[in-house]
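K.L.:
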Amino acid sequence: MGSWQRWLRFGGASLRGGGGACVPLGGSHSVCRRQLSGAENETLKQRRTQIMSRGLPKQKPIEGVKQVIVVASGKGGVGKSTTAVNLALALAANDSSKEIGLLDVDVYGPSIPKMMNLKGNPELSQNNLMKPLLNYGIACMSMGFLVEETAPVVWRGLMVMSAIEKLLRQVDWGHLDYLVVDMPPGTGDVQLSVSQNIPISGAVIVSTPQDIALMDAHKGAEMFRKVHVPVLGLVQNMSVFQCPKCKHKTHIFGADGARKLAQILDLDILG
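Dropping the structure here:
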């Protein structure tokens, strides 16, 4: 029997030097725990952080891109892609001297080609990088340019992550002031990969006023906070229907759900 086993078997000696507390094991046996000092506690926290960060990719900026803004949602069908397109167009309209790009990383359901009225395959540069397609003054890249419009992307996770890596690293953006990234819904591998691979200036969360959509939007905001991405605020979409004849407004999905969530999360309502 080793010394540690004998200590547990027969009670052992109390560890008093560090100012510890004894926890009964049953009968007359006890285990004494030493209380950590403040410095030791801090060292332990740093050690845990180092262990947790092992294996995570190091953030590397996209070449030629100054600022990256991601548009995300917890649930699909809330108008996230529409918001991303309008944000890119608004940035370009607000200052014509700024160069704006739009990246669609929703591999399974790319919407940007349809919304930006773009078709065709991207050309390759001399460095064998894909050239974005251009419309309305916005440089665009999407998985929708690489597959047929009606063809489903039936891929497992590893192939999806490989495609995301190519969309992030193998596109010749030139020089962009802002790159707006249309994220897929949810809080899965793609969101984590994008957040951990590139520095992001901020995230915009899109939701409808419905309880279920707000619940998922809450999860999305918390995810970005966990990976240290600033959340710029919430956008409430589909908040009101206005009758084209009598102009009466009806809150079909609720009125101020996103405002209440913004108060809970201490965020701004952007629109």
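In UniProt numbering, the protein residues as written are 1 to 271. Yeah, the Cβ is synthetic: ideal placement off N, Cα and C, and Gly gets one too. All values reported here derive from a predicted model rather than from experimental measurement.
1) Taking all protein chains shown into account, do 16 or more other C-beta atoms lie within 10 angstroms of the C-beta of residue 250, making it buried, or fewer, making it exposed?
2) When the Cα of residue 231 is compared with those of 270, 208 and 246, which residue comes out closest?
3) If you follow the alpha helix (DSSP H) that residue 189 is part of, which residue opens it and which one closes it?
4) Beta-carbon within less than 8 angstroms of residue 248's beta-carbon, same chain only, minus the 5 sequence neighbours each way: which residues are those?
5) My output table needs one value for residue 116: the three-state DSSP class, helix, strand or coil.
6) Tell me whether residue 74 is buried or exposed, calling it buried when 16 or more other Cβ atoms sit within 10 Å of its Cβ.
7) Would a C-beta distance cut-off of 9 angstroms place residue 173 and residue 101 closer than the cut-off?
8) For the beta strand (DSSP E) that contains residue 141, what are its first and last residues?
9) According to DSSP, is residue 252 helix, strand or coil?
10) State whether the stretch 174-183 contacts the stretch 64-73, with contact taken as three or more CB pairs (one from each stretch) at a distance under 8 angstroms.
11) Do the stretch 197-217 and the stretch 119-128 meet, that is, are 3 or more Cβ pairs less than 8 angstroms apart?
12) How about residue 130 and residue 141: are their beta carbons less than 9 angstroms apart?
13) Would you check whether the ligand ADP has a heavy atom nearer than 8 angstroms to the C-beta of residue 231?
P.N.:
So, from the listed chains and residues:
1) exposed
2) 270
3) 189-197
4) 242
5) coil
6) buried
7) yes
8) 138-142
9) coil
10) Under the three-pair Cβ rule at 8 angstroms, the stretch 174-183 counts as touching the stretch 64-73.
11) The stretch 197-217, when compared against the stretch 119-128, does not touch it at the 8 angstroms Cβ threshold.
12) In this structure, residue 130 sits near residue 141, with a CB-CB distance shorter than 9 angstroms.
13) The ligand content of the structure shown is nil, which means the ligand ADP is not present either.
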